[in-house]
Amino acid sequence: MSRAAAPVSSRRVRVDELLVQRGDAQNLTTARALVMAGRVHGAGRRYSQAGQQVAAETELRVKATREYASRGGEKLIAPLDEWPIQVRDRICLDVGASTGGFTDVLLRRGAERVYAVDAGYGQLAESLRQDPRVVSLERTHICELPTPSESPNMATIDVSFIGLRQVLPCVAEAVSPGADVVALVKPQFEAPPSDVDERGVVRDRLVQGRALSSVVSWAVEHHWRIGGVLRSPLAGPAGNREWFVWLRTP
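My numbering puts the first residue of the sequence shown at 31, with every later residue one more than the last.
Here it is as structure tokens:
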């Protein structure tokens, strides 16, 4: 009688290398820092050694530091540090505010006021809801935004389940000409549904690139100015790669 073949053992990989492969860290240095800070979890445990070997299919999660109202706030720090965008004393529009991570960062950078717009309800952090510099506009779609009493001259965008090409025309109507716009490009909402897997992830680098290019090309065709493109140092849900684009309205 023949014996059943033994199951093939799973490929093993270092925790820091897996973080980079999944897009949860931009490079090995960042990955090791995340592990040393105790922020990397998976398989029901916290990893404390960057060189620890784990199964290649292990789902890793990077725990937010909660320095800001949400993990989104940590993302926005990178483009604001990279690009010469002054936030101080500006009237800002935060599109897709959710719990307020971007709003929080804008306030800490000196924004005079932030209009926090979101189609949802009850998500904005209570500390921001009570801040007199914040105007909370919940249950409000950006394309149905009432005309603000003052014209924002800067905007941030972090939206889901809708493409930026649908959102940007509405943002242009809501802000002043030449306003700085920092938008987060999420390929899973820009690519054709056939290119997105069952977990809502775009894994093909070519598809990711086409999704990013489609947003930039649209903006150029509609006379927006491009200030820069920067990959987000933190991945989106399920490891989706994301990019920030710095635009200026026509």
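For every residue, glycine included, the Cβ atom is placed at its ideal position computed from N, Cα and C.
Remember, predicted model here, so these are calculated numbers, not experimental data.
Same chain, Cβ closer than 6 angstroms to residue i, five either side skipped, listed in chain order
i    : result
W248 : R195
R52  : G269
R169 : Y151
G258 : W113, W276
R62  : D46, A80
A108 : P263
Other residues of its chain near residue i: CB distance less than 7 angstroms, five sequence neighbours each side excluded
i    : result
A73  : T88
G208 : R278, T279
S166 : A146, L154, R159
N- and C-terminal bounds of the beta strand (DSSP E) containing residue i
i    : result
A185 : 184-187
D124 : 121-125
D54  : Element bounds for D54: n/a, residue is neither H nor E.
D210 : 210-215
H71  : 70-72
A85  : 83-85
W254 : Where W254 is concerned, there is no enclosing beta strand (DSSP E), given that its DSSP letter is neither H nor E.
Y145 : 143-147
Three-way DSSP call (helix, strand, coil) for residue i in this model
i    : result
G239 : helix
I192 : coil
R159 : helix
Residue i versus residue j - alpha carbon distance
i    : j    : result
R261 : W113 : 13 angstroms
G140 : C122 : 11 angstroms
D188 : W273 : 11 angstroms
V226 : T60  : 27 angstroms
V197 : V43  : 40 angstroms
N183 : Y77  : 43 angstroms
L137 : V205 : 18 angstroms
L58  : L236 : 23 angstroms
T177 : W254 : 21 angstroms
R163 : E104 : 21 angstroms
Q9   : V144 : Any property of residue 9 remains undetermined from this structure, which presents the chain solely from 31 to 280.
Cβ-Cβ separation, residue j to residue i (assumed contact under 8 angstroms), whole Å
i    : j    : result
V245 : V125 : Their Cβ separation, rounded to whole angstroms, is 15 angstroms, which puts V245 and V125 out of contact at 8 angstroms.
F219 : T186 : Wrong, their Cβ atoms sit about 16 angstroms apart, outside the cutoff.
V215 : A241 : 7 angstroms
D119 : E142 : 5 angstroms
heavy atom of the ligand SAM below 6 angstroms from residue i C-beta
i    : result
T129 : The ligand SAM is absent from the structure shown, which contains no ligands of any kind.
Residues of its chain near residue i, where Cβ-Cβ distance is below 8 angstroms and the 5 sequence neighbours each way are ignored
i    : result
R271 : G53, P217, V232, Q238, R261, S262, A265
A86  : S40, R41, R42, V43, L48
R91  : V70, H71, G72
The alpha helix (DSSP H) enclosing residue i, as first and last residue numbers
i    : result
L90  : Taken as a continuous stretch (DSSP letters only), L90 belongs to no alpha helix (DSSP H), being part of the beta strand (DSSP E) at 90-92.
V135 : 131-138
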